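Inspection log for the structure reproduced underneath, given as structure tokens.
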């Protein structure tokens, strides 16, 4: 009788603690890459996997119809739509974490930097994000580098890349950065220069403040990635202005040394994790997911101090 009573009490306590954990778990959203959608097997299964492993509620946030929208809607508008979607989700009202996949990372950063009145973002995990831009069409998408057709296609894209028509109707043009055409890039590219605070007379302190408010920034690079060119863009590495060589590591770029968006500030505080994993583009082994992604989805609101995004003062329940 007494043992049975004790067992019942233990079960009640365990159930109560489980309920407390669920109520305190910080939710996360997942933002997919180009030419895909939340309901496809890859994204739906990955979101569910992260939920199962972390115990935190997860949501794949869709923008428009997914495939077509991710290809042809300018990233500026994609980020605006994502911002409105997030603000309408009651589950995220007290703050949330983000997992971005490929191009979805640029929408994710738009949420962090541009979303006025949005809930705070605690941890941001970037999987193969082209943060410093891409310098050319990935050879894997149009043939080998030596393929004349691939070279011609790349030349045609570059020739009209910064035109209003392309910028307004082709999403990847928003983060295509030609190293030897930086002047035109800064003047005509409508997304990445703003996102990275690259335009000298238009640097926005608010974007930097919001980015540096992150508790953790996890940048995952895939060692055999043939989609992001150069691959070090996933760590904010890129070429020097005017040249295609040498490839600069993140801490050699002006974005880092002059701290345009606060990457150096975050890194100095030990909040940036530069992670390299085996595999091709987004081909992440389960053990790497468990090691490098899941821990940042398991934080709880009771352990994560919230701050007002404008005043930076602590928020109290």
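Residue numbers (mature numbering (1 follows the signal peptide of the UniProt record, and there is no 0)): -25 to -1, 1 to 292.
Beta carbons: idealized from backbone N, C-alpha and C, even for Gly.
No experiment lies behind these values; they were computed from the predicted model shown.
Per DSSP, residue 21 is one residue of the alpha helix (DSSP H) stretching across 16 to 29.
A distance below 8 angstroms between beta-carbons, with the five flanking residues on each side excluded, links residue 82 to the following residues of its chain, in chain order: 6, 38, 50, 53, 54, 57, 75.
Judged by DSSP secondary structure, residue 71 falls within the beta strand (DSSP E) whose first and last residues are 71 to 76. Between residue 265 and residue 194, the beta carbon gap of about 18 angstroms keeps them out of contact (Cβ cut-off 8 angstroms).
Taking the CA atoms as reference points, residue 236 sits about 28 angstroms from residue 41. In the three-state reduction of the DSSP assignment, residue 222 falls in the coil class, being assigned neither a helical nor a strand state. Residue 208 has no beta-bridge partner at all, per DSSP. When the alpha-carbon of residue 200 is set against those of 154, 259, 234, 225, the nearest one is in 259. The residues 87, 96, 97, 98, 99, 241, 246, in chain order, have a CB closer than 8 angstroms to that of residue 189 in the same chain once the five nearest residues on each side in sequence are set aside. For residue 257 and residue 145, the gap between their C-alpha atoms comes out near 22 angstroms. Taking C-beta atoms under 8 angstroms as the contact rule, residue 45 and residue 10 qualify, at a distance of about 6 angstroms. Secondary structure note for residue 163: its alpha helix (DSSP H) is the uninterrupted segment 157 to 163.
Distance from the CA of residue 217 to the CA of residue 111, rounded to the nearest whole angstrom, comes to 15 angstroms. The shortest C-alpha to C-alpha distance from residue 90 to any of 234, 186, 174, 222 is the one to 186. Between the C-alpha atoms of residue 154 and residue 214 there is a straight-line separation of about 6 angstroms.
Looking only at 176, 164, 159, the smallest Cα-Cα distance to residue 150 is reached by 164. The alpha-carbon separation between residue 72 and residue 94 amounts to approximately 10 angstroms.
In the DSSP secondary-structure assignment, residue 33 is bridged to 3. 105 is the residue among 105, 229, 24, 182 whose C-alpha sits nearest the C-alpha of residue 210. Contact between residue 137 and residue 160 holds: their C-beta atoms lie close to 7 angstroms from each other, under 8 angstroms. Annotation for residue 45: the continuous alpha helix (DSSP H) segment containing it runs 42 to 47. If you draw a straight line from the Cα of residue 207 to the Cα of residue 196, it comes to about 7 angstroms.
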